[in-house]
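Novice: Here it is: the structure, laid out below.
2 protein chains.
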Amino acid sequence: MIDPNGIYYLGPKGSFTNEVAEIFEGDKIPKRTITEVFNSITDNSIGIVPIENSIEGPVHETLDNLFKNEEIYVNYEIEKEIKLVLAVNPSVNSLNDIEVIYSHSHAINEAKETLSKYNFTNFVPVESTSTAALYASKQKYSAAICSEYAANLYNLKIILRDINDSINITRFIVISKKLMEDGDKTMVMFTVPHKPGALYKVLEKFYNNNINLTMIYSRPLKSIPWQYYFYLEFEGNIKDNKVKVTLEEIRNITSMLKIKGSFTKLQYQVSNYLS
Amino acid sequence: MIDPNGIYYLGPKGSFTNEVAEIFEGDKIPKRTITEVFNSITDNSIGIVPIENSIEGPVHETLDNLFKNEEIYVNYEIEKEIKLVLAVNPSVNSLNDIEVIYSHSHAINEAKETLSKYNFTNFVPVESTSTAALYASKQKYSAAICSEYAANLYNLKIILRDINDSINITRFIVISKKLMEDGDKTMVMFTVPHKPGALYKVLEKFYNNNINLTMIYSRPLKSIPWQYYFYLEFEGNIKDNKVKVTLEEIRNITSMLKIKGSFTKLQYQVSNYLS
């Protein structure tokens, strides 16, 4: 089923998504953006991207691509705890030597409180935590907030561990052109007619059919200011009779309905699912 | 009512929020972050921050601060179309001279398609569009994607106008410690008990009382992974009887309910509301 030459993931090499991709056997190809991961997927390849973070919430670029790319479905989800370290260029001998700290803006926010006791002020946001590690490897007296994995990849010295201000878990999804009907949860995306109670009436169908929602979120349609599409996850899979009935019912009261498939949760620790 | 020394806004000077703040008379004080605007507000001052963008959706830092700061309420909303320009350091004589383009990552995304026909590739994300203008003013052969206002403030040359890929409107709010009960719309934030249909039952009250929702959004609680709070806006004000009844009803079925007040829409073009 899986093309071993086609596991596309949100890079660069050393990213958190790269770590998650390591549970799959086969050639892994980093892409610069989530959109490029979606655009790379062929009939026989898969993609791996983050979809939600317990601190920052859903990842908009992933949602917007799922909504836009009708032929791409969600097959698995994988949760991973994100642990940040402060890693430095080998020129740094003490914390006082650090002139600049690179990281993704989210990671900077997530470590800010912990790092504030060391009086660092010069944080520079870059594309990703692994890009930050790359920069820190090239510039004297610089540091990165990144994963241990990225720090090792770029030969940085780890001088502080567990610098997250609070627990931080990211949920990743495996996407492909294959619609799966088995699994623990199902994802749909939809728009509703612009009239009172339209969203309420959709949720009513789930409630009346005894289906538990696990996620509801809204995203701007962009093309029309202040109009939103909704992203919903719920328990059960497409083969369940009550799910079938519900999807039929909501098809009549939504203006656009995209069924993104059912999916199973994979455990991060276990390796080589596809071997 | 308004302390003329206390109009705090999301800076730096030259930001889109700064432009909106100009409709108010009195001393305006830029703050580096949205959180700092919230933290600066005293009994007699106001704050101005963005809350939603028609392309990017709600502004998370604003929502999270509204949720966290119980004593801060929403008094007005103001919509403004965001028009981006490409502005250059005076050293730049033609598009080919541009070596680097600074901007906020959102603005880079919003102008990417339009700018792609000029073959620019070296975009560097910085804190804000006005910071980008500041950088471009200091560095030869650099440019910024920013507002005309910021370009003029930093003496840049505007070489391309209307570079947004699509229409882009930002909604700003005026916040203070005063709960307002008059206005066109009302904002509430709440959490629901962790049981099936909990959100549905809240929306049911609005539907049954004939109140139109204009916005629903969810944000992670952070303290507990995968638990969310909801942010709701609806038509009507707190003095309306049906709003009063609805708020009483949902108080019983939410686990935490924060009423952020009713508010009126101000027109951007009109100046000096408070004079």
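One line per chain: the protein sequences are A and B, in this order. The opening residue of the first sequence carries number -17 in this note's numbering; numbering runs sequentially from there. The opening residue of the second sequence carries number -17 in this note's numbering; numbering runs sequentially from there. C-beta: ideal position from N, C-alpha, C; glycine also. In this text the structure is predicted, and so the values were computed from the model without any measurement.
Counting only beta-carbon separations shorter than 7 angstroms, does GLY165 (chain A) have a partner in chain B?
Specialist: No, GLY165 (chain A) lies away from the interface with chain B (no Cβ there is under 7 angstroms from its Cβ).
Novice: In chain A, what lies closer than 9 angstroms to TYR250 (chain B) by C-beta?
Specialist: Within 9 angstroms Cβ-Cβ: nothing; TYR250 (chain B) doesn't reach chain A, min ~15 angstroms.
Novice: If I measure Cβ to Cβ from THR(-1) (chain A) and keep anything under 7 angstroms in the same chain, skipping five residues before and after, which residues do I get?
Specialist: Within the same chain, THR(-1) (chain A) has close Cβ partners TYR(-9), LEU(-8), ILE30, VAL31, PRO32 and PHE154.
Novice: Taking the alpha-carbon of ASN21 (chain B) as reference, which of B:LEU68, B:ALA180, B:LYS159 and B:PRO(-6) has the nearest alpha-carbon?
Specialist: For the residues B:LEU68, B:ALA180, B:LYS159 and B:PRO(-6), the minimum Cα distance to ASN21 (chain B) belongs to B:LYS159.
Novice: Rounding to the nearest angstrom, what Cα-Cα distance links TYR117 (chain A) and PHE216 (chain B) in this structure?
Specialist: Rounded to the nearest angstrom, the two C-alpha atoms are 47 angstroms apart.
Novice: Give the residues from the segment 96 to 122 of chain B that approach chain A closer than 7 angstroms (Cβ to any Cβ), ordered along the chain.
Specialist: Cβ contacts with chain A: PRO107.
Novice: From the DSSP output, which residues share a beta bridge with GLU61 (chain A)?
Specialist: Looking at the DSSP assignment, GLU61 (chain A) forms a beta bridge with A:ARG153.
Novice: What ranges does the alpha helix (DSSP H) occupy inside the segment 97 to 147 of chain B, keeping only unbroken runs of at least 4 residues that lie completely in it?
Specialist: Runs found: 111 to 120 and 130 to 135.
Novice: Taking 7 angstroms as the CB-CB limit, is GLY39 (chain A) close to chain B?
Specialist: Yes, its Cβ sits closer than 7 angstroms to a Cβ of chain B.
Novice: Can you list, in chain order, the residues of its chain with a C-beta nearer than 6 angstroms to that of ASN57 (chain A)? Leave out the 5 residues immediately preceding and following it.
Specialist: Cβ neighbours of ASN57 (chain A) beyond the five flanking positions: VAL156, SER158, MET162 and PHE245.
Novice: What does the alpha-carbon distance come out to for the pair GLN209 (chain B) and LYS120 (chain B)?
Specialist: C-alpha separation (whole angstroms): 45 angstroms.
Novice: Is there a C-beta anywhere in chain A that falls below 7 angstroms from the one on PRO(-6) (chain B)?
Specialist: No, no contact with chain A.
Novice: Taking SER50 (chain A) as part of the alpha helix (DSSP H), name the residues at either end of that continuous run.
Specialist: It is Lys, not Ser, that sits at residue 50 (chain A) in the sequence shown. LYS50 (chain A) -> alpha helix (DSSP H) spans 42 to 50.
Novice: Hey, out of B:TYR182, B:VAL74, B:LYS(-5) and B:LEU181, whose CA is closest to LYS122 (chain B)'s CA?
Specialist: When only C-alpha atoms are compared, the closest one is B:VAL74.
Novice: Looking at ALA180 (chain A) and PRO126 (chain A), is the spacing between their C-beta atoms short of 7 angstroms?
Specialist: According to the sequence provided, residue 126 (chain A) is Ala. The question's Pro does not apply to it. Result no, Cβ atoms of ALA126 (chain A) and ALA180 (chain A) do not sit closer than 7 angstroms.
Novice: Thinking SER200 (chain A) and ILE198 (chain B) are a contact (beta carbons under 8 angstroms), I'd like their distance in whole angstroms, please.
Specialist: Rounded, the Cβ-Cβ distance is 6 angstroms, consistent with contact.
Novice: Going along chain B in order, which residues have a C-beta closer than 8 angstroms to the C-beta of PRO202 (chain A)?
Specialist: Here the neighbours are ASN35, SER36, ILE37, GLU38 and GLY39.
Novice: Do you know offhand how far ASN71 (chain A)'s Cα is from GLU130 (chain A)'s?
Specialist: Going by the C-alpha atoms only, they are around 14 angstroms apart.
Novice: Look up THR246 (chain B) in the DSSP assignment and say whether it is helix, strand or coil.
Specialist: Strand, per DSSP.
Novice: Buried or exposed for THR236 (chain B), please, with buried defined as at least 16 other CB atoms from any protein chain shown within 10 angstroms of its CB.
Specialist: The residue is buried, with at least 16 neighbouring Cβ atoms inside 10 Å.
Novice: Whole angstroms is fine: what's the gap from SER85 (chain B)'s alpha carbon to ALA3 (chain A)'s?
Specialist: Straight-line Cα distance between these residues: approximately 32 angstroms.
Novice: Please state whether DSSP places ARG233 (chain A) in a helix, a strand or coil.
Specialist: Note: ARG233 (chain A) maps to helix in three-state DSSP.
Novice: Buried or exposed, going by whether 16 or more other CB atoms sit within 10 Å of the CB of ASP144 (chain B)?
Specialist: Under this definition ASP144 (chain B) is an exposed residue.
Novice: Comparing alpha-carbon positions, which option in A:THR228, A:LEU248 and A:ARG14 lies nearest GLU43 (chain A)?
Specialist: It is A:ARG14.
Novice: On the criterion of 16 or more Cβ atoms from any shown chain inside 10 Å, does SER98 (chain B) qualify as buried, or is it exposed?
Specialist: SER98 (chain B) is exposed by the Cβ-count criterion.
Novice: Whole-angstrom Cβ separation of ASN146 (chain B) and ASN35 (chain B), contact assumed at under 8 angstroms?
Specialist: With 8 angstroms as the limit, ASN146 (chain B) and ASN35 (chain B) do not qualify as a contact, their Cβ atoms being about 12 angstroms apart.
Novice: Determine whether the beta carbon atoms of LYS240 (chain A) and MET169 (chain A) lie at a separation below 7 angstroms.
Specialist: Cβ atoms of LYS240 (chain A) and MET169 (chain A): not closer than 7 angstroms.
Novice: Specify the secondary structure class of ASN35 (chain A) as computed by DSSP and reduced to three states.
Specialist: Three-state result, ASN35 (chain A): strand.
Novice: Using a C-beta to C-beta distance shorter than 7 angstroms, which residues of chain A count as neighbours of GLU186 (chain B)?
Specialist: TYR182, listed in chain order.
Novice: Using the Cβ count rule (16 or more neighbours within 10 Å means buried), how would you classify LEU256 (chain A)?
Specialist: Legend: pLDDT at LEU256 (chain A) = 40, less than 50; position of this residue unreliable, no value from coordinates given.
Novice: In the DSSP output, which residue or residues are listed as bridge partners for TYR199 (chain A)?
Specialist: Paired residue(s): A:TYR213.
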